[in-house]
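A short write-up of the structure that comes next.
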Amino acid sequence: MKKTGFTTTALNVPYKKEDPHKSLQMPLYESVAFAFDSAEQMEANFKGEYNAHVYSRTSSPTVEYFEQKLVALTNSHAALALSSGMAAISNTILAICKSGENIISGSRLFGHTYALFKQTLPEYGIKTRFSDLKDFSQIEKLIDKNTRAIYFETVTNPQLDIADIELLASISKKHNILLITDSTMTPPNVFSAGKWGINIEVVSTTKYMSGGATSFGGAIVDHGNYEWSKNPNFENYIEKFGKNAFIAKLRKNIYRNTGGSMAPQTAKLMIHGLDLLELRVNKCYKNCLALGEFFESNKKIKRVDYPGLQKDKGYVLSQKQFDGIPGTIMSFDLESQNACYTFMNKLQIIRRATNLNDNKSLIIHPYSTIYNEFSEEERDASGVRSTMMRLSVGIENVEDLIQDISKALE
Ligand SMILES: *Cc1c(COP(=O)(O)O)cnc(C)c1O
Numbered sequence: 002m003k004k005t006g007f008t009t010t011a012l013n014v015p016y017k018k019e020d021p022h023k024s025l026q027m028p029l030y031e032s033v034a035f036a037f038d039s040a041e042q043m044e045a046n047f048k049g050e051y052n053a054h055v056y057s058r059t060s061s062p063t064v065e066y067f068e069q070k071l072v073a074l075t076n077s078h079a080a081l082a083l084s085s086g087m088a089a090i091s092n093t094i095l096a097i098c099k100s101g102e103n104i105i106s107g108s109r110l111f112g113h114t115y116a117l118f119k120q121t122l123p124e125y126g127i128k129t130r131f132s133d134l135k136d137f138s139q140i141e142k143l144i145d146k147n148t149r150a151i152y153f154e155t156v157t158n159p160q161l162d163i164a165d166i167e168l169l170a171s172i173s174k175k176h177n178i179l180l181i182t183d184s185t186m187t188p189p190n191v192f193s194a195g196k197w198g199i200n201i202e203v204v205s206t207t208k209y210m211s212g213g214a215t216s217f218g219g220a221i222v223d224h225g226n227y228e229w230s231k232n233p234n235f236e237n238y239i240e241k242f243g244k245n246a247f248i249a250k251l252r253k254n255i256y257r258n259t260g261g262s263m264a265p266q267t268a269k270l271m272i273h274g275l276d277l278l279e280l281r282v283n284k285c286y287k288n289c290l291a292l293g294e295f296f297e298s299n300k301k302i303k304r305v306d307y308p309g310l311q312k313d314k315g316y317v318l319s320q321k322q323f324d325g326i327p328g329t330i331m332s333f334d335l336e337s338q339n340a341c342y343t344f345m346n347k348l349q350i351i352r353r354a355t356n357l358n359d360n361k362s363l364i365i366h367p368y369s370t371i372y373n374e375f376s377e378e379e380r381d382a383s384g385v386r387s388t389m390m391r392l393s394v395g396i397e398n399v400e401d402l403i404q405d406i407s408k409a410l411e
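Here's what the structure looks like:
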């Protein structure tokens with residue numbers, strides 16, 4: 002049978018066990034532990050002979066259903082749900098690297114990912130080598146026998162640079178190292194990571210997937226296309242778990258032992274978020290394009306960046322990699338920082354807040370907030386201008402957003 006579309010698939014992922022009431026919603030199993038019928042059954046389960054849920058820090062039914070939905074919607078091999086996007090990222094790196102080893106990453110990263118790579122992990126001997134990710138030879142020069150992965154974000158924020166994924170996949174393939182992407186900005190209805198040779202996807206489900214900033218969460222998605230024997234840190238898992246070595250190492254070691262699981266109540270919200278994901282993203286995108294075109298035609302706006310706009314430097318890659326929907330975040334510039342503040346303070350519908358992909362439109366001045374601790378040179382190198390604002394576009398009626406913006410520009 003032909004594979005169904007994104008939303009149809011989301012609505013029809015079967016439950017692992019049939020619900021006795023034929024409930025149309027996955028029930029919320031808010032339970033810490035699960036009982037066994039006999040001591041023998043308990044022993045068999047702990048030996049791994051079958052997989053019943055035992056204790057919710059390692060796995061639980063509602064969270065598992067969210068993971069299964071993610072697998073169906075990403076066409077992947079396996080998925081793991083965590084307490085936040087940062088938990089997904091840190092668990093992934095801790096699973097693939099040990100002290101003395103390194104990863105390669107672009108330097109334009111979500112702020113706390115940058116802090117994890119630059120401050121936290123080096124204290125435990127895991128180094129990040131930052132590179133220009135458009136430069137094949139620079140990346141190759143940084144790879145050595147201890148390099149375990151290339152890490153990148155599909156669309157960087159707030160610069161809205163688009164990664165050239167074919168280039169990165171060709172290098173990682175040539176050197177047999179893992180290719181990891183943070184795809185938070187480009188949800189699975191517009192981006193199929195596995196098709197592009199990406200091995201592991203990490204996601205902050207707090208953003209699009211939560212259904213509009215309802216709850217905190219993260220996910221790790223394994224596309225099942227990496228030979229884990231190429232990484233010495235999986236030696237103890239390959240023989241027993243084969244293709245599942247990565248997820249097994251997480252469940253039986255890193256994820257279990259660091260305690261970053263997703264709460265069942267959160268998984269319930271995420272499940273609902275996935276059902277509505279495509280609808281929401283399409284609405285945000287329509288609004289985003291309309292606002293982009295409005296900004297392009299307004300003389301007070303000095304610059305607009307949104308790779309969904311035809312004039313944007315990222316337009317061609319965005320069409321190729323993300324079906325033309327490179328997320329629903331844009332940035333735009335006024336003549337001065339002061340003008341930005343005056344504008345932001347006059348807004349009545351668009352909220353001044355730091356999150357992304359809420360149902361509400363959110364605006365921030367990154368230079369004075371997220372990049373507040375950075376030196377002038379660092380902000381320059383990051384492409385964060387004092388005249389720039391970032392707008393996360395929501396699902397409001399677009400004429401109201403345009404009116405709010407028009408009034409604030411007066
Ligand atoms: C928000 C975000 C994260 C971190 O996710 P949390 O859920 O806040 O921990 C990581 N990467 C990107 C691109 C993000 O936008």
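Just so you know, my numbering puts the end of the sequence shown at 411, numbered straight through with nothing missing.
Virtual Cβ for every residue (Gly too), placed ideally from N, Cα, C.
Give a yes or no on whether the C-beta atoms belonging to residue i and residue j are separated by under 8 Å.
i, j, result
"Tyr-330", "Asn-158", "Correcting the residue identity first, residue 330 is Ile in this sequence and not Tyr. For Ile-330 and Asn-158, yes; Cβs fall inside 8 Å."
"Val-156", "Tyr-209", "no"
"Glu-361", "Gly-395", "Per the sequence presented here, residue 361 reads as Lys, with Glu not at that position. A contact, by the Cβ cut-off of 8 Å."
"Glu-397", "Ile-326", "no"
"Ser-262", "Arg-58", "yes"
"Ala-11", "Leu-275", "yes"
"Asn-190", "Phe-35", "no"
"Thr-388", "Asp-334", "yes"
"Trp-229", "Ala-246", "yes"
"Gln-42", "Gly-384", "no"
"Gly-212", "Leu-270", "yes"
"Lys-99", "Asn-234", "yes"
"Leu-179", "Ser-173", "yes"
"Gly-112", "Thr-185", "no"
"Ser-393", "Leu-363", "yes"
"Asn-299", "Leu-410", "yes"
"Gly-225", "Lys-250", "no"
"Phe-192", "Phe-323", "yes"
"Leu-29", "Gln-311", "no"
Tell me whether residue i sits in a helix, a strand or coil according to DSSP, three-state version.
i, result
"Lys-196", "helix"
"Ala-1", "The question about residue 1 has no answer here: the residues shown for the chain are numbered 2 through 411."
"Asn-283", "helix"
"Asn-358", "coil"
"Tyr-85", "Residue 85 is actually Ser in this sequence, not Tyr. In this structure, Ser-85 counts as coil in the three-state DSSP scheme."
"Thr-129", "strand"
"Ala-116", "helix"
"Thr-157", "coil"
"Asn-92", "helix"
"Leu-143", "helix"
"Thr-148", "strand"
"Leu-371", "In the sequence on display, residue 371 carries Ile and not Leu. If DSSP states are grouped into helix, strand and coil, Ile-371 belongs with coil."
"Ser-138", "helix"
"Leu-392", "strand"
"Arg-386", "coil"
"Ser-24", "coil"
"Leu-110", "coil"
"Ile-351", "coil"
"Asn-398", "coil"
Taking buried to mean at least 16 other C-beta atoms within 10 Å of its own C-beta, is residue i buried or exposed?
i, result
"Phe-47", "exposed"
"Val-64", "buried"
"Lys-70", "buried"
"Asn-177", "exposed"
"Pro-15", "exposed"
"Ser-337", "exposed"
"Leu-169", "buried"
"Asp-20", "exposed"
"Asn-147", "exposed"
"Ser-309", "Sequence check: residue 309 is Gly here, not Ser. Burial call: buried."
"Pro-188", "buried"
"Asp-183", "buried"
"Tyr-125", "exposed"
"Lys-408", "exposed"
"Leu-25", "exposed"
"Val-33", "exposed"
"Arg-304", "exposed"
"Asn-103", "buried"
"Glu-202", "buried"
"Arg-353", "exposed"
"Gly-315", "buried"
Between residue i and ligand 3, is there a pair consisting of the residue's CB and a ligand heavy atom that are separated by less than 7 Å?
i, result
"Glu-154", "What this structure holds is ligand 1, not ligand 3."
Legend entry - Three or more C-beta pairs below 8 Å linking the stretch 45-59 and the stretch 214-230: no
Legend entry - Runs of alpha helix (DSSP H) wholly within the stretch 27-60 (minimum 4 residues, chain order): 40-47
Inset, instruction - Return the chain-ordered ranges of every beta strand (DSSP E) run that is complete within the stretch 187-267 and spans a minimum of 3 residues. - result: 201-205, 219-223
Inset, instruction - Indicate whether the contact test is met: 3 or more Cβ pairs, each with one atom in the stretch 367-386 and one in the stretch 190-199, closer than 8 Å. - result: Segments in contact, no.
Inset, instruction - Could you pull out every unbroken alpha helix (DSSP H) segment of at least 4 residues lying fully inside the stretch 294-336, listed in chain order? - result: 316-323
Inset, instruction - Quick one: which unbroken beta strand (DSSP E) runs of 3-plus residues sit fully inside the stretch 162-188? Chain order, please. - result: 179-183
Inset, instruction - Report yes or no: do three or more beta-carbon pairs, one from the stretch 133-144 and one from the stretch 287-303, lie closer than 8 Å? - result: no
Inset, instruction - Take every Cβ of the stretch 254-269, pair it with every Cβ of the stretch 85-93, and state whether three or more of those distances are shorter than 8 Å. - result: Under the 8 Å Cβ criterion, the stretch 254-269 counts as touching the stretch 85-93, having at least three qualifying pairs.
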